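Colleague: Questions regarding the structure given below will be posed in turn.
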Amino acid sequence: MNIRTVSALISTVLHYYNTYTRLYYIGICRKGLLKMVRNRKRELYEKIVETIFLLCALVGVISVIAIIIFVFYKGLHPFFGTDAYSFWDFISGTRWAPGSDTYGVFYMIAASVLATAGAMVVGVPIGVLTAVFIAELAPKRAVKWMRPAVELLAGIPSVLYGAFGLGIIVPMIQVISPRAHGHSLLAVIIVLTVMVLPTIITLSESAIRAVPKSYREASLGMGATQIQTIFKVVLPAARSGILSALVLGIGRAIGETMAVMMIAGNPVQGIPNSIWSMVRPLTTNIAMEMSYSSGRQQEMLFATGVILFLFIMIVNLTLLRITHKAGEK
Amino acid sequence: MKKAIALSMIVIFAVGITACRSNSANSAEVETIVITGSTSVEKILNEMKDEFQALNPDVVIEYTGSGSSAGITDTKAGTNNIGASSRELKNEEKEDTLKSEVFAFEGIAVIVHPSNQTVSNITEEQLADIYTGNITNWSEVGGRDHEIFVISREESSGTKSAFEELVKLGDAGGLGGNAAVLEGNGPVQAAVAGNENAIGYVSFSYINDTVKPLRVEGIEPTVEQARSGNYPLSRPFIFCYYDDKVTKAGKAFLEYAVSEEGQEAVEHQNGIRID
Numbered sequence: 001m002n003i004r005t006v007s008a009l010i011s012t013v014l015h016y017y018n019t020y021t022r023l024y025y026i027g028i029c030r031k032g033l034l035k036m037v038r039n040r041k042r043e044l045y046e047k048i049v050e051t052i053f054l055l056c057a058l059v060g061v062i063s064v065i066a067i068i069i070f071v072f073y074k075g076l077h078p079f080f081g082t083d084a085y086s087f088w089d090f091i092s093g094t095r096w097a098p099g100s101d102t103y104g105v106f107y108m109i110a111a112s113v114l115a116t117a118g119a120m121v122v123g124v125p126i127g128v129l130t131a132v133f134i135a136e137l138a139p140k141r142a143v144k145w146m147r148p149a150v151e152l153l154a155g156i157p158s159v160l161y162g163a164f165g166l167g168i169i170v171p172m173i174q175v176i177s178p179r180a181h182g183h184s185l186l187a188v189i190i191v192l193t194v195m196v197l198p199t200i201i202t203l204s205e206s207a208i209r210a211v212p213k214s215y216r217e218a219s220l221g222m223g224a225t226q227i228q229t230i231f232k233v234v235l236p237a238a239r240s241g242i243l244s245a246l247v248l249g250i251g252r253a254i255g256e257t258m259a260v261m262m263i264a265g266n267p268v269q270g271i272p273n274s275i276w277s278m279v280r281p282l283t284t285n286i287a288m289e290m291s292y293s294s295g296r297q298q299e300m301l302f303a304t305g306v307i308l309f310l311f312i313m314i315v316n317l318t319l320l321r322i323t324h325k326a327g328e329k
Numbered sequence: 001m002k003k004a005i006a007l008s009m010i011v012i013f014a015v016g017i018t019a020c021r022s023n024s025a026n027s028a029e030v031e032t033i034v035i036t037g038s039t040s041v042e043k044i045l046n047e048m049k050d051e052f053q054a055l056n057p058d059v060v061i062e063y064t065g066s067g068s069s070a071g072i073t074d075t076k077a078g079t080n081n082i083g084a085s086s087r088e089l090k091n092e093e094k095e096d097t098l099k100s101e102v103f104a105f106e107g108i109a110v111i112v113h114p115s116n117q118t119v120s121n122i123t124e125e126q127l128a129d130i131y132t133g134n135i136t137n138w139s140e141v142g143g144r145d146h147e148i149f150v151i152s153r154e155e156s157s158g159t160k161s162a163f164e165e166l167v168k169l170g171d172a173g174g175l176g177g178n179a180a181v182l183e184g185n186g187p188v189q190a191a192v193a194g195n196e197n198a199i200g201y202v203s204f205s206y207i208n209d210t211v212k213p214l215r216v217e218g219i220e221p222t223v224e225q226a227r228s229g230n231y232p233l234s235r236p237f238i239f240c241y242y243d244d245k246v247t248k249a250g251k252a253f254l255e256y257a258v259s260e261e262g263q264e265a266v267e268h269q270n271g272i273r274i275d
């Protein structure tokens with residue numbers, strides 16, 4: 001159903017509703033009985049339309065609740081009851097070997113955190129400065145092709161990022177790395193950096209554009225240069241928007257699976273000790289084994305999902321707090 | 001009229017959420033063949049099973065992967081029609097009336113980059129050491145002084161479990177953290193072809209010009225050597241059964257397994273044909 005059909009239906013309903021409202025007033029003027037009947041009919045239609053809207057709204061809400069219940073139920077199961085797996089062993093273990101009933105995800109948590117942090121350290125300055133350039137400095141002609149390019153970057157499927165990483169970045173790292181392989185934390189960071197750029201750029205740009213013109217005029221009027229104005233006035237004023245861009249970028253980076261899986265190496269054990277080390281982030285662990293796993297192994301993959309979920313929840317709560325604070329101002 | 005439109009919208013919605021019902025199955029007499037045993041044969045067996053059942057609609061094959069030893073024990077206990085094993089029967093398992101039939105072979109090749117001229121032979125013990133991470137440099141196995149890029153497979157891979165079983169990796173301490181885990185024979189082949197210091201293992205059918213297969217314990221990885229059992233990283237896939245327990249349908253399946261169609265299934269799942 002496309003938007004047109006929906007709006008046509010809604011306007012039909014509204015039209016019908018209006019007609020009835022008119023009839024209703026006529027009814028008041030005439031007989032009490034007629035009024036009662038029409039009133040009831042009107043209420044019925046009101047209810048039906050309301051229910052349709054409610055059902056639509058519930059699809060999203062029910063999905064999220066179902067996913068949470070499902071993941072947590074399956075994921076927490078192996079830690080309870082007889083034959084329970086020690087949660088501490090799970091969260092602090094550095095070896096994943098379902099064949100020998102060993103499930104440790106600490107090295108994956110380390111991998112996810114390091115990869116995300118790395119992508120942020122490199123991606124945020126690049127992204128924010130790009131946003132400043134597009135919003136404040138670039139000539140209109142440059143903006144005209146720059147912004148679509150960034151938007152296109154956001155639309156590229158992640159498997160293509162992975163293919164790009166595997167075909168270009170991994171062989172390049174192989175040449176410069178002291179280790180024997182190009183699959184590495186560094187490759188993951190580079191690809192994730194490119195992947196979070198569109199999020200950071202687009203959101204930061206709109207935050208910067210939302211800063212009132214009067215701020216800039218006041219600053220320039222005081223004799224500040226354009227660059228001074230940008231760093232001392234515009235960016236601080238757009239702070240909360242840029243922060244939410246950053247948090248959303250973190251969410252994107254930590255949740256990325258496909259592209260990362262192709263270039264990370266995914267070893268079964270070992271905490272990464274340099275940017276040349278291979279890593280196995282939480283997401284790829286789930287993606288690599290879920291399709292064929294069963295029993296304890298599958299539950300442990302859900303448990304990995306629970307950890308990932310907690311990270312995402314922290315990210316979203318942070319985002320909520322930031323936007324809430326911005327609202328207070 | 002408009003009322004009708006509004007109502008029809010609701011009807012469409014209601015129809016949309018009504019679940020479809022499946023057609024009731026016809027319950028004709030079906031004969032069941034129970035096969036238990038090796039999990040390594042699962043992929044080949046599943047393909048054979050699907051085709052055989054399509055050709056014989058009155059036969060149902062039930063396969064449970066429980067390990068080669070369990071499959072042979074089940075056959076002896078009479079709890080299955082056919083036992084599947086991914087190794088030869090041990091002497092103590094052999095009986096005069098217990099028949100066994102090889103229906104496929106599996107061969108795993110150890111591959112390196114073609115530019116790796118210094119290493120062309122490797123022992124099973126060295127392979128175990130490389131994959132546990134005890135050996136990390138090519139110089140330790142007679143090559144040049146450079147770190148080894150070890151490539152292994154994902155947990156579900158039959159090739160992985162066969163490889164680890166054959167080189168006894170579990171006894172040596174299991175797969176080390178230095179090994180990359182790639183999904184599928186193809187990606188392993190590609191990764192080895194793209195890295196001068198890589199070592200990996202693949203099914204025989206993935207040997208080509210882009211990689212160099214190593215001799216294992218001095219034996220070339222060829223189909224003939226795998227069939228004869230000389231090549232260390234190879235093993236036969238076997239069905240074992242008693243004549244009186246196998247049933248007519250079971251017998252037909254055993255014949256199918258070694259027929260042209262059955263052997264095509266073997267080849268399709270990267271196994272080695274028996275002929």
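Protein chains in written order, with this note's numbering: chain A, 1 to 329; chain B, 1 to 275. Idealized CB from N, CA, C, for every residue including glycine. Note that the structure is predicted; figures quoted are calculated from it, not measured.
1. Indicate whether at least one CB of chain A lies closer than 8 Å to the CB of Glu140 (chain B).
2. Please confirm whether Leu124 (chain A) and Ile200 (chain A) have their CB atoms less than 8 Å apart.
3. Using the Cβ count rule (16 or more neighbours within 10 Å means buried), how would you classify Tyr292 (chain A)?
4. Which word fits Pro171 (chain A), buried or exposed, when buried means at least 16 other C-beta atoms lie within 10 angstroms of its C-beta?
5. Is Asn178 (chain B) close to chain A? Criterion is C-beta to C-beta, closer than 8 Å.
6. Cys240 (chain B): buried (16+ other C-beta within 10 angstroms of its C-beta) or exposed?
7. Could you tell me how far apart the beta carbons of Ala172 (chain B) and Thr132 (chain B) are, in whole angstroms, since I believe they sit closer than 8 Å?
8. Pull up the distance between the alpha-carbon of Met288 (chain A) and that of Leu301 (chain A), whole angstroms please.
9. Here's a check: name, in chain order, each residue in its chain whose Cβ is nearer than 8 Å to the Cβ of Leu89 (chain B), leaving out the five neighbours to either side.
10. So, does the CB of Glu289 (chain A) fall closer than 8 Å to a CB anywhere in chain B?
11. Relative to the alpha-carbon of Asp243 (chain B), which residue among B:Asn81, B:Lys43, B:Glu29 and B:Asp50 has its alpha-carbon at the smallest distance?
12. At least one CB of chain B closer than 8 Å to the CB of Arg179 (chain A): is that the case?
13. Check the Cβ-Cβ distances between Ser219 (chain A) and every residue of chain B, and say whether any is below 8 Å.
14. Going by other Cβ atoms of all chains shown within 10 Å of its Cβ, with 16 needed for buried, is Ala25 (chain B) buried or exposed?
15. How about the stretch 207–220 of chain B and the stretch 109–123 of chain B: do they share at least three Cβ pairs that are nearer than 8 Å?
16. Take Thr284 (chain A) as the anchor and find which of A:Gln228, A:Val247, A:Gly305 and A:Tyr45 has the nearest alpha-carbon.
17. CA-CA distance, Arg21 (chain B) and Val71 (chain A)?
18. Report all residues from its chain with a CB closer than 8 Å to the CB of Val260 (chain A); omit the five preceding and five following residues, and keep chain order.
19. Three-state secondary structure (DSSP) at Lys140 (chain A)?
20. Relative to the C-alpha of Leu45 (chain B), which candidate in B:Gln263, B:Tyr231 and B:Ile274 has its C-alpha closest?
21. I need the DSSP call for Val266 (chain B), collapsed to helix, strand or coil.
22. Please report the distance separating the alpha-carbon of Gly249 (chain A) from that of Leu197 (chain A).
23. Thinking C-alpha only, which one of B:Glu29, B:Ser40, B:Ile33 and B:Thr247 is nearest Asn270 (chain B)?
24. By DSSP, does Arg121 (chain B) sit in helix, in strand, or in coil?
25. Take Glu255 (chain B) and list the residues in its own chain whose beta-carbon comes closer than 6 Å to its own, dropping the five residues that flank it on each side.
26. Would a C-beta distance cut-off of 8 Å place Gly165 (chain A) and Met290 (chain A) closer than the cut-off?
27. Out of B:Asp50, B:Gly83, B:Ala77 and B:Ser66, state which residue places its alpha-carbon closest to the alpha-carbon of Val34 (chain B).
28. Run through DSSP, which three-state label would Phe87 (chain A) get?
Modeller: Quick look at the numbers:
1. no
2. A small correction: the amino acid at residue 124 (chain A) is Val; Leu does not occupy that position in the sequence shown. Their beta carbons are under 8 Å apart, which means Val124 (chain A) touches Ile200 (chain A) by this criterion.
3. exposed
4. exposed
5. yes
6. buried
7. 5 Å
8. 10 Å
9. Ile72, Leu98, Ser100, Ile238 and Cys240
10. yes
11. B:Asn81
12. yes
13. no
14. Residue confidence is low: Ala25 (chain B) scores 44 on pLDDT, short of 50, so the model does not pin down where it sits. Its coordinate-derived value is still stated next. With fewer than 16 Cβ atoms within 10 Å of its Cβ, Ala25 (chain B) is classed as exposed.
15. yes
16. A:Gly305
17. With a pLDDT of only 41 at Arg21 (chain B), under the threshold of 50, the placement of this residue in the model should not be trusted, and no figure is reported.
18. Ala115, Gly162, Val188, Val191, Leu192, Pro281, Thr283 and Thr284
19. helix
20. B:Gln263
21. helix
22. 8 Å
23. B:Ser40
24. According to the sequence shown, residue 121 (chain B) is Asn rather than Arg. Strand, per DSSP.
25. none
26. no
27. B:Gly83
28. helix
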